[in-house]
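If you're matching positions, the sequence shown starts at 1 in UniProt numbering and goes up one per residue. Beta carbons are placed, not taken as given, at the ideal position from N, Cα and C, and that holds for glycine. Step one of this worksheet: look at the structure below.
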Amino acid sequence: MDAVEPFILAEAGLLRLADWEEQIPGLSAGFTTRRWGNMSFQGAEEPDQVVRRRRQAAERLGLPFSGWTFAEQVHHAHVVRIDADLRGSGRKNLQEAIAGADGLSTESANTVLALLFADCVPLYFCVPERGVLALAHAGWRGTTKNMAASMLHHLQAHWNISPQEVWVAIGPSIGKCCYQVDQPVMDAVAKLLPHCLDQVSMPQAGERWLLDLKAVNRLLLLMAGVREENIWLSRYCTACHPELFYSYRKERQHAGRMMAWIGRREEEPR
């Protein structure tokens, strides 16, 4: 379901995963733009400013800040289930973020999963019939460690969910147009997709390639059993739109981070 851009620029500079939000009561999912400023504690910015922005986003979205939960993000493929004891970790400082994790999952309302990005691929997971939500961070390392399949295995292990039940959105991230990589990266991709390299890359001079990380993740999801009609793919390239996004590839150490989030509001009693 990737013919139309799934992330819609809404009020106050937030990209909303509108199709999901319209179909699933109480769901909130999306991606901040640089209009909200840097959402990461890593860098020279005062932590209080980052907390203030995160809190403002929570208020704007109507989701209690106490439930916003962040992972450490170490470019691996480890996923952690968020229950009451871990809810709210990392929202006020990096030290309390979920250690060693690049993926988070939950079935609890008012628990918001949040991760930080500046070119890497955000993967949003939703199981509409079960109320289970998940979010993953997949740069080239996480992608070639097959974060997509790791998350699906996690959902099956914890909730007995089959890949055919899962919706996945591939969010704003660097596009093939701007992501040039070297031989070691392509070797890692080739181990996963030995017969599909022409679908996800384009050779350049000097043993370089343009790599489509979104397409790699899409193929990995399909190979793991996700239905093609259950995949939403963003066309936004974070390196092409400096008015909307930070880009590590373009700005290096000066790049801030956008925040991806997914959560479900507690339904009002009838």
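Using a Cβ-Cβ cut-off of 6 Å (strictly less than) and excluding sequence neighbours within five positions of Val51, which residues of its own chain qualify? Lys92
Alpha carbon to alpha carbon, how far is Arg218 from Ile231? 8 Å
Using DSSP's beta-bridge definition, name the partner residues of Met259. Leu116
Can you list, in chain order, the residues of its chain with a C-beta nearer than 6 Å to that of Pro269? Leave out the 5 residues immediately preceding and following it. Since pLDDT at Pro269 reaches only 47, below the 50 mark, its modelled position is unreliable, and no value is offered.
Thinking Gly171 and Ser234 are a contact (beta carbons under 8 Å), I'd like their distance in whole angstroms, please. 5 Å
If you drop the 5 nearest sequence neighbours on each side, which residues of the same chain put their C-beta closer than 7 Å to that of Asp2? Per-residue confidence for Asp2 stands at a pLDDT of 48, beneath the threshold of 50, marking its modelled position as unreliable; the derived number appears in the next sentence. Counting only Cβ-Cβ distances below 7 Å, and skipping sequence neighbours, we find Ile231, Trp232 and Leu233.
Helix, strand or coil at Ala18 according to DSSP, with G and I counted as helix: helix
Would you give the residue range spanned by the beta strand (DSSP E) that His78 belongs to? Neither: His78 is in no beta strand (DSSP E) and is coded neither H nor E.
Skipping 5 residues on each side, what residues in its chain have a beta carbon closer than 7 Å to that of Arg257? Asn38, Met39, Ser40, Leu116, Phe117, Ala118 and Tyr246
Return helix, strand or coil for Gln180, following the three-state DSSP convention. strand
Between the Cα of residue 349 and those of Ala77, Asp182, Pro128 and Ala84, spot the shortest distance and give me the residue it belongs to. Since the displayed the chain opens at 1 and closes at 270, residue 349 lies outside it and no answer follows.
In whole angstroms, give me the CA-to-CA distance for Val185 and Arg16. 31 Å
If I measure Cβ to Cβ from Arg81 and keep anything under 6 Å in the same chain, skipping five residues before and after, which residues do I get? Ser105 and His158
Going by beta-carbon coordinates alone, are Thr69 and Leu94 separated by less than 8 Å? no
Could you tell me the distance, in whole angstroms, from the CA atom of Thr143 to the CA atom of Tyr124? 14 Å
Whether Val226 touches Val166 by CB criterion (8 Å): yes
Residue closest to Gly100, alpha-carbon to alpha-carbon, out of Val74, Leu244 and Gly88: Val74
Using a beta-carbon distance below 8 Å, is Glu5 in contact with chain B? In summary, chain B is missing from the structure at hand, where a single protein chain is found.
Where do the ends of the alpha helix (DSSP H) carrying Met248 lie? Position check: residue 248 holds Tyr in this sequence, whereas Met was assumed. From DSSP, the alpha helix (DSSP H) with Tyr248 extends over Tyr248 to Glu251.
Do you know offhand how far His241's Cα is from Cys178's? 11 Å
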